[in-house]
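From first to last, the protein sequence lines stand for chains S and L. Just so you know, we're using the working numbering here: the first sequence kicks off at -17 and counts up by one. Just so you know, we're using the working numbering here: the second sequence kicks off at -17 and counts up by one. Note that CB positions come from ideal geometry on N, CA and C, so glycine has one too. Inspection log for the structure reproduced underneath, given as structure tokens.
2 protein chains.
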Amino acid sequence: MTTLTPAGEKLLAAASTLFYRRGIRAVGVDLIAETAGTTKKTLYDRFGSKDALVALYLERRAAYWQGFLLDRMAGRTLVEVFDVLALWLADQDRGCAFVNAYAEIGGTDHPAEPVIRAEKEWMRAYLVDLARAAGLPDRLGIELHLLYEGATVMATAGGVPEAPALAKAAAERAVSACGSAPTSG
Amino acid sequence: MTTLTPAGEKLLAAASTLFYRRGIRAVGVDLIAETAGTTKKTLYDRFGSKDALVALYLERRAAYWQGFLLDRMAGRTLVEVFDVLALWLADQDRGCAFVNAYAEIGGTDHPAEPVIRAEKEWMRAYLVDLARAAGLPDRLGIELHLLYEGATVMATAGGVPEAPALAKAAAERAVSACGSAPTSG
DNA sequence: ACGTAACCACACCGGTCTGTATACTCGCAG
DNA sequence: CTGCGAGTATACAGACCGGTGTGGTTACGT
């Protein structure tokens, strides 16, 4: 939650929208500065490099998504994460920003790579915690995470908008299978 | 299975490796031509544009993966697709080429977009057919597809190499839950 | 012998890429 | 009133981008 100057915030906001919608390499720093209504000089004064700006974009986005999820999940049950996902994907039509970023920078030593890993690990831990709180085994949280990632991919790249609903149905079956045989794993 | 000239094949082979390892936008046509030991002129004579080359790269890769899968699945059972996936990912360490390509070109009118959709649909249909042949409901095949996509993401962007094995365990539970209550859906 | 497909070598085009430099204005705190 | 951080505007560097054009060299089928 780094504090930025006003021009810095405008740059980060413009970069976030552009990176998500068009991809990282497809967006140049000139376009970011122009969209933000400021200059490239200010961009480099604030962020140092495009790579650092990319890392910050992903950090902010992770925080935003996590806030969105925790807010919408208040008072809801485990499998309803897929309802929240469907809600999220209705606006975010380019899929998972972290998977997309990994597609462009994966395998390099880009500063954003640990941010990507951390976001996936956060989501995994969140679902495992939720399962545990419901008296269900950890492996069920992990399974739900796989369904969650699969649903995100299929809803976007796969062109199957009902994927989150399908994943929810699968998750419900997995949960009830656990309930009827709780110590079988 | 378009027939290409020898130089065309060399170009497509070089492009395939480079696109997969580094991403599409990160690789220029000059580098492709140089890596193939030929010239940019020949590239444009054979393929017309970089976009067309990208589409052909994905078509060939889909055919290669499908051949690999069908070959390794001979005589195996439904859930063993995850073993084949683990085998595949041992070599292909940059994840799903189609998800990665969608991250870079999704939302545009790029000629490769239908190729991406078709590959996801093929895999979905394959798993549904396999489920059906085993006397299991279609929805189980769809569920396994979600687990498959989730496992691919987590094994690469998520940095969890055991993801296919976790997905296989989840798939086995889903299958046995079906067996014990076959007409509950 | 002739046409043609395939290929190579190389130069060129306008544009864009990340990143740096120069020079100036403004508001504010010591 | 002075010094500084933040901002603007603009020009530049050197490389790379996708794509085109010219000219010359093989090899092959008719």
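To which residues of the same chain is residue i closer than 7 angstroms at the C-beta, ignoring the five residues directly before and after it?
i	result
A78 (chain L)	Per the sequence presented here, residue 78 (chain L) reads as Cys, with Ala not at that position. For C78 (chain L), where only same-chain residues beyond five positions count, the Cβ hits under 7 angstroms are T134.
S166 (chain S)	Residue placement at S166 (chain S) is poorly supported in this model, since its pLDDT is 38, which falls under 50; the coordinates still yield a value, given next. No residues qualify anywhere along the chain.
V110 (chain S)	D120, G123 and I124
V11 (chain S)	K22, L25 and K32
L51 (chain L)	V66
L13 (chain S)	L0
E41 (chain S)	V97
A68 (chain L)	P146 and A147
R7 (chain S)	E86
Q168 (chain S)	Since the first residue of chain S shown is -17 and the last is 167, residue 168 (chain S) is not available in this structure.
Y179 (chain S)	No answer is possible for residue 179 (chain S): the residues shown for chain S start at -17 and end at 167.
H92 (chain S)	D33
Among the options, which one has its Cα closest to the Cα of residue i?
i	options	result
W104 (chain S)	L:G140, L:D73 and L:E103	L:G140
L129 (chain S)	S:A152, S:Y46, S:R58 and S:A159	S:A152
A85 (chain S)	L:T(-1), L:R4 and L:A(-11)	L:R4
Y108 (chain S)	S:G117, S:I124, S:R99 and S:P96	S:I124
V9 (chain L)	S:L60, S:T(-1) and S:I87	S:I87
D75 (chain L)	L:Y26, L:V11 and L:A137	L:A137
S(-2) (chain L)	L:K23, L:V142 and L:A34	L:A34
Y46 (chain S)	S:A156, S:W70 and S:A56	S:W70
R106 (chain L)	L:E41, L:E131, L:A83 and L:A94	L:E131
V142 (chain L)	L:A159, L:D27, L:S158 and L:A72	L:A72
L38 (chain L)	L:E62, L:T(-16), L:R7 and L:E16	L:T(-16)
D27 (chain L)	L:Y2, L:T90, L:A159 and L:L(-14)	L:L(-14)
L118 (chain L)	L:C160, L:Y2, L:T90 and L:D91	L:C160
G89 (chain S)	L:E62, L:R58, L:S158 and L:N82	L:N82
Between residue i and the rest of its own chain, which residues show a CB-CB distance below 6 angstroms, the 5 nearest in sequence each way excluded?
i	result
A18 (chain S)	K(-8), L(-7) and A(-4)
A149 (chain S)	F64, L129 and A133
L60 (chain S)	L112 and A116
L126 (chain L)	L109 and A153
E54 (chain L)	At residue 54 (chain L) the sequence reads Arg, which differs from the Glu that was named. The residues are V66.
L80 (chain L)	According to the sequence displayed, residue 80 (chain L) carries Phe and not Leu. Result list for F80 (chain L): I98 and E101, in chain order.
F29 (chain S)	L35
A147 (chain S)	none
R15 (chain L)	The amino acid at residue 15 (chain L) is misidentified as Arg; the sequence shows Ala. Only T21, K22 and L25 meet the Cβ criterion.
Taking 7 angstroms as the CB-CB cut-off, is residue i touching chain L?
i	result
G161 (chain S)	no
K102 (chain S)	yes
G49 (chain S)	no
G19 (chain S)	no
When we look at the beta-carbon of residue i and count the other beta-carbons within 10 Å, is it buried (16 or more) or exposed?
i	result
R114 (chain L)	exposed
P(-12) (chain L)	exposed
E144 (chain S)	exposed
P96 (chain S)	exposed
A156 (chain S)	buried
A56 (chain S)	exposed
R43 (chain L)	buried
At 7 angstroms on the CB atoms, spell out the chain L contacts of residue i, in chain order.
i	result
V135 (chain S)	V81, E131 and V135
T76 (chain S)	According to the sequence displayed, residue 76 (chain S) carries Arg and not Thr. Neighbours of R76 (chain S) on chain L, chain order: G88 and G89.
Whose Cβ in chain S lies nearer than 8 angstroms to the Cβ of residue i?
i	result
T138 (chain L)	Y84 and G88
Using a cut-off of 7 angstroms between C-beta atoms, extract the partners of residue i located in chain S.
i	result
E125 (chain L)	A152
Is the closest heavy atom of the ligand GTP to the C-beta of residue i under 6 angstroms?
i	result
A68 (chain L)	This structure lacks the ligand GTP; in fact it carries no ligand of any kind.
For chain S, check one thing: does any of its Cβ atoms lie closer than 7 angstroms to the Cβ of residue i?
i	result
I98 (chain L)	yes
K43 (chain L)	Just to set this straight, residue 43 (chain L) is Arg in the shown sequence, not Lys. By this cut-off, R43 (chain L) is not an interface position.
L40 (chain L)	no
R7 (chain L)	yes
L(-6) (chain L)	no
L109 (chain L)	no
V157 (chain L)	no
L128 (chain L)	yes
A149 (chain L)	yes
T165 (chain L)	For T165 (chain L), the predicted structure reports a pLDDT of 45, less than 50, and the residue's modelled location is therefore unreliable. The matter cannot be settled from this model.
G141 (chain L)	yes
Can you give me the Cβ contacts of residue i inside the same chain, cut-off strictly under 8 angstroms, excluding the 5 residues immediately before and after it?
i	result
T20 (chain S)	A(-11), K(-8) and L(-7)
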